[in-house]
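Numbering-wise (full-length UniProt numbering), the first sequence opens with residue 1 and increments by one.
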Amino acid sequence: MSFNHHDIEKKWQDFWEENHTFKATEDDNKEFFYALDMFPYPSGQGLHVGHPEGYTATDIISRMKRSQGYNVLHPMGWDAFGLPAEQYALDTGNDPAEFTEKNIQTFKRQINSLGFSYDWDREINTTDPKYYKWTQWIFTKLMEHDLAYQAEVPVNWCPALGTVLANEEVIDGKSERGGHPVYRKPMKQWMLKITAYADRLLEDLEDVDWPEHIKDMQRNWIGKSEGAEVTFDVKDSSASFSVFTTRPDTLFGATYAVLAPESDLVDKITSAEQKEAVEAYRKEADKKSDLERTDLNKNKTGVFTGAYAINPVTEEEMPIWIADYVLASYGTGAIMAVPAHDERDYEFAQKYDLEVRPVLEGGDTTKEAFVGDGKHINSDFINGMGLEEATDTMIAFLEEKNIGERKTTYRLRDWLFARQRYWGEPIPVIHWEDGTTKAVPEEELPVILPKTTEIKPSGTGESPLANITDWVNVEDEETGMKGKRDTNTMPQWAGSSWYFLRFIDPDNQEMLADPEKLKKWLPVDLYIGGAEHAVLHLLYARFWHKFLYDLDLVPTKEPFQKLYNQGMILGENNEKMSKSKGNVVNPDDVVDQYGADTLRVYEMFMGPLDAAIAWSEEGLEGSRRFLDRVWRLFVDEDGKLRDRITTYNDKSLEVVYHQTVKKVTEDFEALQFNTAISQLMVFTNAAYKTEGLPLEYVKGFIQMLAPVAPHLGEELWAKVTGSEESISYEPWPAFDETKLVKDEVTVVFQVNGKVRSKAQVSSSISKDELEAMAMENERIQEFIEGKTVRKVIVVPGKLVNIVAN
RNA sequence: GCCGGCGUGGCGGAAUUGGUAGACGCGCUGGACUCAAAAUCCAGUGCCCAUUAGGGCGUGCCGGUUCGACUCCGGCCGCCGGUACCA
């Protein structure tokens, strides 16, 4: 007889709900633990088998921590604004709010069917005005502190659709839907000045317990780079321009300069003869998207402007070119080219026959650029110096002459925060007829997203909100001044940048969260989610958190102390699961056929949490078999407790039990669930081979199993103890260090590093005794006969190695 | 190209202050139970040679350090993830 998962899973899910078993306690005598999952976007597809992997991991930790006497905050919510709902609305004419609500209900049902211990009293939804009031409020605070500003930024404008498209909606310069041409068009956009926090976002990575590769990805994204800014005068002109360089020490080798084609300076300096060529080139560059410009980087192109810059140290003339290998958006949008010591400049110089002047020893600049360190040559006052000294000397020189300075730049750019979409948080701003732009005051928040039956493109590039004139047009009650609401909405990243704070105090009407409560729960102790959010979500959330920290609204510099990324679950054919490949596993089917506990055990047992591993139906069956085996160990065919369970302890399971408590506890803590489960199996196998099962061990074992298989855990606990309480708050089992060691251990005897014999010995045997035993061993004697023993290595309790020749 | 990670049986994976390689599971083989099958329980299972006893080989490849290397060092090969005219 095996257990009926349909019955017991329903029974305990109902029990937990009725008793609010997982309502977070806030007892000041206990420690606080915050275990968080990246909340999902509730897509129409429903839950994927990948979702429960991370959710199960945090759930196991949450359940163990409750047992260990912590207050545990383990919440769930919905990141429910997003493009798919809007596209669905556009296609079908349905309300995205209704569609989203339906999806949420599906997700919630599926999540609950898996037995996660969420405190649903704290459920939040980013599309709920009670929630996004505070998202908007944070935006107004950012405005107040000059961290939100408007700028002209090019967008993907599709005239045929009358709308602006996201990058992922543009394929080869055409709209994904309809294949219409897409152009880059400058539009006024809200930007957030995340660059003001670049240094802190970089430095504070040192303080968090995150996987090193994720930290690296963030470091690369921020892309701090140190060097100097140098000003160049343009010959026969009052104009000048600055360049950023990481190698100011090579200034003597700068033989030409390049401006980004978009640079305003180009108009001023281009000579009459070159005007036509320059204009033609700029037009070409304009057509290319950023992606194309960087993609097609093998073949550099450019045009001479006819103007010359003066090299401030050599005072020689340097031709000024424009080329799209120089990006307007990085540094100053202009470079000094040192072809002898920069690969890109070298390639360009070769193509257009520009001078290559080596200023460093080493390498052969007739063949390729030399980018290493070397003694400076052809460089006047820095000749003979190495990289560091030459750089410092050059910067000192530039600063003294007032033609340059030490400078740090970042790859990180400001956050484009506006979307020309309907389904998002409205930007809480009014543009008044007197030309002023003001944030909506706090008491008028939230600015509610108006309901509409027609979500259609405005045709102007503005969001569909522009069509809703009653909503757009406002009048100041006191002064009668007229104004228009901003029709932009926020990107999906907005709501997810602070949701972990709201979980701490989800119903607060007065503020985003009570500081006292934040102090207790923050930072998040464990945050698990997919690696696809390694950069953007985590960087944005850190930025907002630091901003709120500066306003004294949150108590910690960093939001997430420990981060972990679950891996991907692949299809049985080892490929990414997708409908087209027909290898998608639906969690509903698994839960129906094998039960939630089986799914949880299987996903944790597959391998390391962060690995990408293929699904295996046979492996899944094996996990169910293990749970059945556990059930039968304690329960007989009639559903009665087996009389093997006894209060008498014959000690036959003592060592393995204490080892199991130690290993499971430590492995759970380290998120090594596969080896923890393996240890539970080891105990089960040992228990099958012995007569009596001490009650104490049975209870401890069930407690360790329960975080992974909670329904079975509760059911067995009720049967074994007769308790009517949940197992959730029973104190976690402890192990006794002195009982971990067996009296007898197997040692191996080696000759020249090869195992030749084994022996059972008392674990307390001395080194000398062990050595003597080895030397007397018959097999060993055979092997060392006629040889001279050179050395004997004895590792107590492990081995003896005899070196002989 | 650069950065990060990985490479262990038929398969998923264990084992790192250097000390019995292959825990645990899957699969497979045999046995018990059964009229039979399924399920279950028990046993075996890295590869090669050998009837056994036993021997040899073995953690991507080549080399090194060491009494002893999956683990440390040097050099290759392959795979995965991230990222890229970032000056």
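Built from N, CA and C at the ideal position, the CB exists for glycine as well.
Restricting to Cα atoms, I'd like to know which of the options is closest to residue i.
i           : options                        : result
Pro559      : Glu575, Asp597, Leu518, Thr598 : Leu518
Lys174      : Ala390, Cys158, Gln110         : Cys158
Asp199      : Ser225, Phe32, Gln150          : Ser225
Leu327      : Gly362, Arg357, Thr314, Ala285 : Ala285
Trp415      : Gln509, Leu147, Val243, Pro339 : Leu147
residue 806 : Tyr648, Thr665, Ile765, Met681 : The structure shown does not extend to residue 806, since the chain spans only 1 to 805, so no value can be given for it.
Pro441      : Glu144, Glu785, Phe107, Leu47  : Glu144
Ser652      : Ala670, Asp638, Gly619, Glu691 : Glu691
Asp476      : Trp210, Tyr657, His431         : His431
Glu444      : Thr140, Ile403, Phe668, Gln760 : Thr140
Lys576      : Gly50, Asp7, Lys640            : Gly50
Gln492      : Thr163, Thr135, Asp364         : Thr135
For a test of the three-state rule: what should DSSP assign to residue i, helix, strand or coil?
i      : result
His431 : strand
Pro694 : strand
Asn685 : helix
Val590 : helix
Trp615 : coil
Gln68  : coil
His145 : coil
Gly480 : coil
Phe503 : coil
Pro181 : strand
Pro248 : helix
Leu671 : coil
Val585 : coil
Ser458 : coil
Asp295 : Residue placement at Asp295 is flagged as unreliable, the pLDDT there being 49, under the threshold of 50; the coordinate-derived value follows with that caveat. Note: Asp295 maps to helix in three-state DSSP.
Lys787 : coil
Glu737 : helix
Asn488 : coil
Glu31  : coil
Leu259 : strand
Phe241 : strand
Compute the beta-carbon to beta-carbon distance between residue i and residue j, rounded to the nearest angstrom, for a pair I have assumed lies under 8 Å.
i      : j      : result
Met318 : Phe417 : Their Cβ separation, rounded to whole angstroms, is 39 Å, which puts Met318 and Phe417 out of contact at 8 Å.
Ala334 : Ser379 : That belief does not hold up - the Cβ atoms of Ala334 and Ser379 are roughly 22 Å apart, past 8 Å.
Ile455 : Tyr422 : 5 Å
Phe626 : Val590 : Contact flag wrong, Cβ pair sits at about 15 Å.
Pro248 : Gly227 : 6 Å
Ala97  : Phe673 : At roughly 38 Å, the Cβ-Cβ gap does not stay under 8 Å, so Ala97 and Phe673 are not in contact.
Phe3   : Trp631 : 5 Å
Between the alpha carbons of residue i and residue j, how many angstroms are there, rounded?
i           : j      : result
Met568      : Gly607 : 11 Å
Glu425      : Tyr55  : 27 Å
Asp743      : Gln110 : 50 Å
Ser237      : Asp353 : 26 Å
Asn583      : Gly571 : 5 Å
Glu355      : Ala349 : 7 Å
Leu539      : His533 : 9 Å
Ser62       : Val429 : 41 Å
Phe33       : Val72  : 5 Å
residue 810 : Arg485 : In this structure the chain extends from 1 to 805, so residue 810 is not present and cannot be described.
Val258      : Ala307 : 11 Å
Ser117      : Arg419 : 36 Å
Phe547      : Tyr410 : 19 Å
Asp342      : Met511 : 54 Å
Thr255      : Gln189 : 38 Å
With a 10 Å radius around its C-beta and 16 neighbouring C-beta atoms as the bar for buried, classify residue i as buried or exposed.
i      : result
Ala160 : exposed
Ser726 : buried
Met704 : buried
Gly459 : exposed
Leu551 : exposed
Leu296 : Note that Leu296 scores a pLDDT of 46, beneath 50, so its modelled location is shaky and nothing firm can be said.
Asp345 : buried
Tyr527 : buried
Ser497 : buried
Val278 : buried
May I ask whether a heavy atom of the ligand SAM can be found less than 7 Å away from the beta carbon of residue i?
i      : result
Arg122 : As presented, the structure is devoid of all ligands, the ligand SAM included, so that no description of it is given.
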